[in-house]
Amino acid sequence: MAFVEPITIKEAIDNVHKKNYLLPAIQREFVWSTYQIERLFDSLMRDYPISSFLFWEVERENISNYQFYEFVREYHERDNTHNPKASINGESGITAILDGQQRLTSLYIGLKGTYSYKLPRKRWDNNSAFPKRKLYLNLISPSKDNDLVYDFRFLTESESQHANEDNFWFPVGKILDLEKPVEINKYLIKKQLLTLKECKSEFANDTLYKLWEIIHKNKSINFFLEKDESLDKVLNIFIRINSGGTQLNYSDLLLSIATAQWKEKDAREEITSFVDEINTIGDGYNINKDFVLKSCLVLSGFKDIAFKVDNFNQENMQIIEDKWEGITKSIRAAFILLSNYGYHRDTLTSNNAIIPIAAYLYLIDSPDNFPESNKYKHDRDLIFKWLVMVLLKRTFSGQPDNILRPIREVINKSEGQFPFDEIINKLKGSTKSISFDDDEIDNLLYYQYGQSYTYSVLAFIYPSLDFKNKFHQDHIFPKKLFTAKRLRKHGIKDEDIEFYLDNYNYLANLQLLEGIPNQEKSGKDFKSWLLETYPNEEDRKVYMQRHYIPDVDLSLENFRQFIVEREKLITAEFKKLL
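So that you can map any letter, position 464 of the sequence shown is 464 in this note's numbering, and since no number is skipped, the others follow by simple counting.
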């Protein structure tokens, strides 16, 4: 390994752009936030060192022995997080980045690329929630962040146009076009930045010249070059570099090892594409590589399922590769089953709770018709009941290995059906007991509309519903009625209003309704809607029984008694089920 003459950021970015710099398969994916990129550019402007890089030189005749990937150029939090496979057909070798990928990707995105992250309070499936942003630098004012001097920000094009006496947003990538110092002066004159107050014009002049220097002049990319082409040695270097710090996600390190050791399949491509596939099932999920790697350890039957390098040795990796099709089939079937139960990314409060379900399906060879066939209905009911209970008990919080091992032991001994009772008995008396006492049952009533656990509580008391249909959480007495002004308008006494406002959003005023009936119900008075929708008394009784509606006056004026009586009905059902 040799230290090589440093290069400028401009030279490094050109090499990334021309695909002279690539990433080996053992590298993780890009994980830096916009704030981390902004800090990196601020550090450069302040002449802070950004650490050295480690490059790996691979001769042309040996390139085909390895898999390489390109840098991410247009990062999109939902649609483009993966590095594309590199197509290598040039006449020269390539340089692979062993250490420094996050920094180089950040420099490239800041100078040539874009970064799209989700806006708060917008849906994940809303395309407008991910506006495209470029890196800008405020040329006339320093940063208001105490940790920063220079005001770098990722902005949309429209945001960058909002100039005022404190802001002039310079697109950072524009500095690549200003190849000579004289062009900086021309730019400042053209944009009339030298006509501002003296302090601002000086700041603009100094800031833009400084940016030009760090990109075009300063040789700040210091790197070592490794020329040994033994994958074992390169992998060892990579592990040594990355396992000592906290920057590298441990699952990325383990995935890197798997990628280097699988014989027939590309572990990185298989696992990342499988994660993407699972996350698009039904209304979507939110699993990651950690989940898949942990599932591989559990389903492959290894005694030790801890996340550590020793468990990802060559022998174990070969077993996982050999079982990969069966493992992915079982995980896929488990998530299809969950989707049929009505779960998605916002209501599935523990991904690890799915691993035992996948392990059971793996044991019975994951029948293709398991989610639908009447043959497996009893099994599905047991799995559903078990799932809701472990989610509500937060069974998999803390150290999941301590609960996955005993549950897997019970599942491996099961015969004929999902071992619901056996798992309950195995964990009885432990800190992970799945049994509920009276206080825990009473506490279930305090879940509110829209909370992640509320769906599990509601779904539990609707065992007869076909969850493949879309069900919504519905306020029985419409939410829009519950303002002090509207309650007074309906004749509710002031001394009762506090009770109304305190209770309308809790479980006792919630039900599950299919999408269309819920839209039809909308903000209608509940008593009127019920009589209108179910004019036949028998049909009305069936509805009330299914939804635990007490036989009391259902007018808004009687909301207090309705809540008290419905809580009794729901609590009784919980105690029967649990």
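Don't be surprised by glycine CBs; every beta carbon is placed ideally from N, CA and C.
Residue pairing by DSSP places Q448 opposite Y506 in a beta bridge. For R380, the enclosing alpha helix (DSSP H) starts and ends at 377-392. Taking a C-beta distance under 8 Å as the contact criterion, A333 and F384 do not qualify as a contact pair. Secondary structure note for F370: it is in no alpha helix (DSSP H), with a DSSP letter that is neither H nor E. With fewer than 16 other Cβ atoms from the protein chains shown falling within 10 Å of its own Cβ, N425 counts as exposed. In the DSSP assignment, H475 falls within the unbroken beta strand (DSSP E) covering 471-475. Between I357 and I109, the alpha-carbon positions lie close to 41 Å from each other. A residue is called buried when at least 16 other Cβ atoms come within 10 angstroms of its Cβ; Y150 meets this threshold and is buried.
L338 and A359 have their alpha carbons spaced roughly 14 Å apart.
Straight-line measurement puts the Cα of Q36 at about 31 Å from the Cα of L196.
Membership of D99 in the beta strand (DSSP E) is indicated by the continuous run 94-99. For the set W262, Y136, F312, K118, the Cα lying nearest the Cα of S160 is the one of Y136.
With a cut-off of 8 Å on Cβ pairs, the stretch 448-458 is in contact with the stretch 502-509, counting three or more such pairs.
At a cut-off of 3 residues, not a single continuous stretch assigned as beta strand (DSSP E) sits fully inside the stretch 317-358. Around the beta carbon of F499, fewer than 16 other beta carbons sit within 10 angstroms, so the residue counts as exposed. Short of 6 Å from the beta carbon of K323, and not among the five residues preceding or following it, lie these beta carbons of its own chain, in chain order: S300. The residue from D551, K303, E59 with its alpha-carbon nearest to that of P406 is K303. As a beta-bridge residue in DSSP terms, Y115 pairs with Y75, R133. The closest CA to that of I9, considering only E321, F223, W124, is found on F223.
Cβ contact annotation for L176 (same chain, cutoff 8 Å, sequence separation greater than five): K10, I13, L111, K112, I215, in chain order. When only Cα atoms are considered, K428 and F420 end up about 12 Å apart. P181: member of the alpha helix (DSSP H) spanning 181-190, first to last residue. Our two residues, Y285 and H490, have alpha carbons roughly 42 Å apart in a direct line. Residue pairing by DSSP puts R153 in a beta bridge opposite Y136. The criterion of a C-beta distance shorter than 8 Å is not satisfied by L554 and R540. Rounded to whole angstroms, I411 and F418 show a C-alpha spacing of 7 Å. I497 sits in a helix when the DSSP states are folded into three classes. Counting along the chain, W212 sits inside the alpha helix (DSSP H) bounded by residues 198-212. Rounded to whole angstroms, the separation of the alpha carbons of A96 and E183 is 34 Å. Non-local beta-carbon contacts of L44 in its own chain, meaning distances under 7 Å to residues more than five positions away in sequence, involve I50, I214, S220 in chain order. In the three-state reduction of the DSSP assignment, Q27 falls in the coil class.
Fewer than three Cβ pairs drawn from the stretch 62-82 and the stretch 158-172 lie within less than 8 Å of each other, which leaves the two stretches out of contact. Secondary structure at K85: strand, using DSSP grouped into helix, strand and coil.
In chain order, D474, L513, W529 place their CB closer than 7 Å to the CB of K521, counting only its own chain and leaving out the 5 sequence neighbours on each side. Minimum Cα-Cα distance from F71 among the listed residues K217, L569, G100, L404 corresponds to G100.
Comparing alpha carbon positions, the residue from D276, D266, Y548 closest to Q67 is D266.
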